[in-house]
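When the sequence shown is numbered by the numbering used here, its final residue is 179 and no position is left out of the sequence of numbers. The C-beta atom is built at its ideal place from N, Cα and C for all residues, glycine as well. None of these values were measured; they are calculated from a predicted model. Written below as C-alpha cells is the structure these notes are about.
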Amino acid sequence: MHQNKTKGGTQAPGAGVTIITTGGTIDKIYFDTLSHYEVGTPVVAGILAEAGVAVPYTVRSLMQKDSLELTVADRARVRKAVEEAPTPHILITHGTDTLVETARALEGVPDKTIVLTGALKPARFRDTDAVFNVAAAFLAVQVLTPGAWIVMNGQVFHPSRVRKNRKLNRFEAVSIPGA
C-alpha cells in the first residue's frame, strides 16, 4: 500500500522531510493477547499532527511488516525509495528487531540524511516510547549530516556502532575493535 500525504504546509520540491513507513512495533495492533497482532496503518502522521509540526513532510507507507519478516529484497526496496525520495531528509519508521540491518543497508546513499527509528512498545499503548522516538528522529533528520543514522532511546547512533540489547530492551552503543 502506498500512501502519500503532505502535512505541515505546502511542500516545495526538495523541501521538508520524506517519511517512509515499513511497519514494526510502532504500528502494531494487538488482539486478545500480546502474541496475536497485526501491523496496522502508520501512526507517524498522527503523532506529528498532534504535536503541531510546522515543517512540511510527506508520509509514504512502503510496507506494513514486522521487521523480523523483512528480506534482502525488502531492504533493497527501502533503499530504492530513499534514493528516489524528493527531499534530502528521510525519516524511516521501522521495527526494532532488524532496524540496525536496514540502517546498514542504507549506508552510502549519497546526499541524503536518513534517520531510522521505531518503538519498543506500540504507539497505540498508553505507555509507549513511540512519540518520543518519532519527535527525536524528526528533529535529528533535519540537523544531522548526510548518512544513515539510528535514533532510539534519546540517542543518535551510527549503524556500525549500535546494537539492540534485547535483555534490557534498549539500544546501546558498541565500540569498534581497533578504533
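Reference residue i, options the options, closest by Cα
i           : options            : result
residue 92  : 26, 129, 68        : 26
residue 51  : 139, 162, 156, 174 : 139
residue 97  : 28, 21, 164, 80    : 164
residue 48  : 75, 155, 107, 133  : 133
residue 107 : 80, 124, 136       : 80
Beta carbon proximity, residue i to chain C, threshold 9 Å
i          : result
residue 93 : Any reference to chain C falls outside this structure, which holds one protein chain only.
Rounded distance between the beta-carbons of residue j and residue i, thought under 8 Å
i          : j           : result
residue 16 : residue 55  : 6 Å
residue 94 : residue 142 : Rounded, the Cβ-Cβ distance is 19 Å, inconsistent with contact.
residue 39 : residue 65  : 6 Å
residue 77 : residue 105 : Contact flag wrong, Cβ pair sits at about 10 Å.
Beta carbon of residue i nearer than 9 Å to that of residue j
i           : j           : result
residue 82  : residue 100 : no
residue 63  : residue 118 : no
residue 29  : residue 159 : no
residue 115 : residue 150 : yes
residue 85  : residue 41  : no
Reduced DSSP secondary structure (H/G/I, E/B, other) of residue i
i           : result
residue 61  : strand
residue 133 : helix
residue 84  : helix
residue 170 : strand
residue 157 : strand
residue 102 : helix
residue 18  : strand
Start and end residues, alpha helix (DSSP H) containing residue i
i          : result
residue 49 : 44–50
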